[in-house]
Amino acid sequence: MHYGGFQFTNNSFPTLVTNDIAQAGLIGNRDGLSHRDKHLANLMYMCDASCSSPPTCANGGYVDSSCTCVCPPGTSGATCQTVTGTYYEAPCGDQSITTAGTITSPNYPSIYPPGQHCVWIVTAPAGMQVRIDFGAFGILYRSGGKCPFDWVTVHTDSDSIPDYVNCDEELQNQSITSSGDRLALEFHSYGYGNYPYYQKGFTASVTFV
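The sequence shown runs 1 to 209 under full-length UniProt numbering.
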């Protein structure tokens, strides 16, 4: 469990970022211990010490005090031997956009749902740049000069550090062009309340210039 990526910021930009933007939504887990946290705790306290013949767990599973394997996300079976997916779920959005089109917030034009973290990554043809033109844009309001609840970031150069962090109606009818051939867009909804007037979401068209 740890702080969110915008905790303690004094300029509304993130204080903690991931090298891989697709994993940015993993920052700020407040729901409880992860599988790997529990695995470490079980090892520290030797929870399987009383097991006469503990199983050998595969793919990151561990033996708990019940002498059975506890399997990580993306695995199943008595010894976690079957891989069914990945440990981390992929974020919503599309991380491999190479054609012009439209990006919208989840559930648009209806109110976007809480607890979302979406990432769109657009790559332009060689020698071109990505241009994104926002139409409607309605994200929960700023508070104290920051976007503490819901926000949209636009990365025109670096996947890690955004060039824009916006909420409210700040990007409505605005256009942004990447500095190179790649542009990334993040959307995050914390789930603070239910305010249809402020949480309308956004729509944006993607072109290459």
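Positions of the beta carbon are idealized from the N, C-alpha and C atoms, including for glycine. If you're wondering where the values come from, they're calculated on a predicted model, not measured in any experiment.
Pick helix, strand or coil for R131, following the three-state DSSP scheme.
What you label residue 131 is simply residue 131 of the sequence shown in a count that begins at 1. Secondary structure of R131 (DSSP, three-state): strand.
Continuous alpha helix (DSSP H) stretch holding D37: start and end
Locating residue 37 in the sequence shown gives position 37, counting from the first residue. Its alpha helix (DSSP H) spans residues 35–44.
What is the rounded straight-line gap between the Cα of G127 and the Cα of D181?
In the sequence shown, the residue the question calls residue 127 occupies position 127. In the sequence shown, the residue the question calls residue 181 occupies position 181. One alpha carbon belongs to G127, the other to D181, and they sit about 7 Å apart.
What residues in its chain sit with their C-beta under 7 Å from that of E169, if we drop five residues either side in the sequence?
One-based indexing of the sequence shown puts residue 169 at position 169. Same-chain partners within the cutoff: F137, G138.
How big is the Cα-Cα spacing for R142 and Q172?
Against the sequence shown, residue 142 aligns to sequence position 142. Against the sequence shown, residue 172 aligns to sequence position 172. If you draw a straight line from the Cα of R142 to the Cα of Q172, it is about 15 Å long.
Which residues mark the beginning and the end of the beta strand (DSSP E) in which A204 is found?
Counting from one through the sequence shown, the residue named residue 204 turns up at place 204. Element bounds for A204: 201–208.
Output yes or no for whether 8 Å exceeds the beta carbon distance between P55 and T75.
Counted from its first residue, the sequence shown places residue 55 at position 55. Counted from its first residue, the sequence shown places residue 75 at position 75. No; because the gap between Cβ atoms is not below 8 Å, this pair is not in contact.
Where does the unbroken beta strand (DSSP E) through E186 begin, and where does it stop?
Taking the first residue of the sequence shown as 1, we reach residue 186 at position 186. Per DSSP, E186 belongs to the beta strand (DSSP E) from 182–189.
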